[in-house]
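**Student:** Handing you this structure, nothing more for now.
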Amino acid sequence: MKLNEKEQLIIDSLKRKDVITNIELSEILQCSTVTIRSLIRSLEKKGLIIRTHGGAKLCNDYLDIHIPAGNIFKEREAKLRIAEKAYQYIAERDTIILDDSSNSYYLAQVIKKYSDKYLIIITNSLPVIAELSTCSAVEIISIGGVLRGNKNAFVGDFAIEMLKNFKATKAFIGVHGIDPEFGITSIGNEQMMIKKQIFKIAQYVYVLTCSEKFGTGYLLVSAPLSQVHKIITDKNIDKNILNVIKSSVDIDLV
Numbered sequence: 001m002k003l004n005e006k007e008q009l010i011i012d013s014l015k016r017k018d019v020i021t022n023i024e025l026s027e028i029l030q031c032s033t034v035t036i037r038s039l040i041r042s043l044e045k046k047g048l049i050i051r052t053h054g055g056a057k058l059c060n061d062y063l064d065i066h067i068p069a070g071n072i073f074k075e076r077e078a079k080l081r082i083a084e085k086a087y088q089y090i091a092e093r094d095t096i097i098l099d100d101s102s103n104s105y106y107l108a109q110v111i112k113k114y115s116d117k118y119l120i121i122i123t124n125s126l127p128v129i130a131e132l133s134t135c136s137a138v139e140i141i142s143i144g145g146v147l148r149g150n151k152n153a154f155v156g157d158f159a160i161e162m163l164k165n166f167k168a169t170k171a172f173i174g175v176h177g178i179d180p181e182f183g184i185t186s187i188g189n190e191q192m193m194i195k196k197q198i199f200k201i202a203q204y205v206y207v208l209t210c211s212e213k214f215g216t217g218y219l220l221v222s223a224p225l226s227q228v229h230k231i232i233t234d235k236n237i238d239k240n241i242l243n244v245i246k247s248s249v250d251i252d253l254v
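Structure, rendered in structure tokens:
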């Protein structure tokens, strides 16, 4: 079932809170309560929510699962634009990897919104799994491992060993930092090791990131820029950094 962006945002908000008032939804979506009531009626007709006095709640068909948001909602608009652009590079019957980044979560949202391509998706991300669990157009392969609740991701040696069993057409990953000299950098060893394995098994790796990550170098290096097929970022990137990096890798600005 396809939902428009505002309908999906209402569903996402209700997954985090049992009942939300029309006024709260109006503030979240930045639209009038008249529009909110219309959206709620539409979602109720689709059997997804139940209207309450002055608000709405999810139907019981949805399990009461709470996943910490982390930094998912930071730079939301930019991440959505990046995800929409990334979706253009996904083809029917691709086998793709989505990592545990917030950018991959938004790409999962876009995949679910269109639901027009059969895909096999390999992921270590709990939010991605939850987002795509009701999407009939995709087959999800969840790699196991140690679940880090504060990161909502499966990591560790077992997760890496699982990844070694697969070959993917494309991978879409987020990053902690992009250093013009050293490439893709990571804060923690667990994330770095997962990304290193992704680079080994994916034919093409797309980096999805907001411009604030450029010029930020961390201790651990996941891969040089020469191993990145394309970077998709927003237009706020520093022009000097852009000129340096685009000599090594193709960049889409959205």
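In full-length UniProt numbering, the protein residues as written are 1 to 254. Even glycine gets a Cβ: it sits at the ideal position worked out from N, Cα and C.
Between the segment 171-185 and the segment 212-230, do at least 3 Cβ pairs fall closer than 8 angstroms?
**Tutor:** Judged by Cβ distances under 8 angstroms, the segment 171-185 makes contact with the segment 212-230, as three or more pairs qualify.
**Student:** Considering only the alpha carbon of each residue, which of Lys164, Ile187, Lys6 and Leu163 lies closest to Gly174?
**Tutor:** In the sequence shown, counting from the first residue as 1, residue 174 sits at position 174. Measuring from the Cα of Gly174, the nearest candidate turns out to be Ile187.
**Student:** Count Cβ pairs between the segment 123-140 and the segment 101-111 that sit closer than 8 angstroms; are there 3 or more?
**Tutor:** The segment 123-140, when compared against the segment 101-111, does touch it at the 8 angstroms Cβ threshold.
**Student:** Under 8 angstroms by Cβ, that's how I've got Ser38 and Ile28 pegged, so tell me the actual separation to the nearest angstrom.
**Tutor:** Numbered from 1 along the sequence shown, position 38 holds the residue referred to as residue 38. Numbered from 1 along the sequence shown, position 28 holds the residue referred to as residue 28. Ser38 to Ile28, Cβ: 15 angstroms. No contact.
**Student:** What does a CB cutoff of less than 8 angstroms around Gly183 pick up in its chain, not counting 5 residues either side in sequence?
**Tutor:** For this step, residue 183 is matched to residue 183 along the sequence shown. Closer than 8 angstroms at Cβ, skipping near neighbours: Val221, Ser222, Ala223, Pro224, Leu225, Ser226, Gln227 and Val228.
**Student:** Can you tell me whether Val254 sits near the ligand ADP, meaning its C-beta is under 7 angstroms from at least one heavy atom of the ligand?
**Tutor:** Within the structure as shown, the ligand ADP is missing, as the structure has no ligands at all.
**Student:** Are the CB atoms of Asp234 and Leu253 nearer to each other than 8 angstroms?
**Tutor:** For the purposes of this step, residue 234 is identified with residue 234 of the sequence shown, where counting begins at 1. For the purposes of this step, residue 253 is identified with residue 253 of the sequence shown, where counting begins at 1. In this structure, Leu253 lies closer than 8 angstroms to Asp234 by Cβ.
**Student:** What residue from Val34, Arg16, Lys17 and Glu212 has the CA that sits closest to Ile23's CA?
**Tutor:** Numbered from its first residue, the sequence shown carries residue 23 at position 23. It is Val34 whose Cα lies nearest to the Cα of Ile23.
**Student:** Measure the alpha-carbon distance for Lys170 versus His53 and round it to whole angstroms.
**Tutor:** Here residue 170 is taken as the residue at index 170 of the sequence shown, counted from 1. Here residue 53 is taken as the residue at index 53 of the sequence shown, counted from 1. Approximately 46 angstroms, taken between the alpha carbons.
**Student:** Please go through the same chain and pick out, in chain order, the residues whose beta-carbon is closer than 6 angstroms to the beta-carbon of Thr72, but skip the five residues on each side of it.
**Tutor:** Position 72 of the sequence shown holds residue 72. For the sequence presented, residue 72 should be read as Ile rather than Thr. Cβ neighbours of Ile72 beyond the five flanking positions: Ser102 and Tyr105.
**Student:** Quick check on Asn152: buried or exposed, where buried means 16 or more other Cβ atoms within 10 Å of its Cβ?
**Tutor:** Position 152 of the sequence shown holds residue 152. So Asn152 ends up on the buried side.
**Student:** Please list the terminal residues of the continuous beta strand (DSSP E) segment that includes Ile143.
**Tutor:** As a working mapping, residue 143 is identified with position 143 in the sequence shown. Run containing Ile143: none; DSSP gives neither H nor E here.
**Student:** Which term fits Val207, buried or exposed, when burial requires 16 or more other beta carbons within 10 angstroms of its beta carbon?
**Tutor:** If you number the sequence shown from 1, residue 207 lands on position 207. Flag for Val207 reads buried.
**Student:** Does the Cβ of Gln203 have 16 or more other Cβ atoms within 10 Å, making it buried, or fewer, making it exposed?
**Tutor:** Within the sequence shown, numbered from 1, the residue matching residue 203 stands at position 203. Per the 10 Å Cβ criterion, exposed.
**Student:** One question on the structure: do Lys112 and Glu131 come within less than 8 angstroms of each other, judged by their Cβ atoms?
**Tutor:** The residue labelled residue 112 in the question sits at position 112 within the sequence shown. The residue labelled residue 131 in the question sits at position 131 within the sequence shown. Yes, Cβ-Cβ distance for Lys112 and Glu131 is below 8 angstroms.
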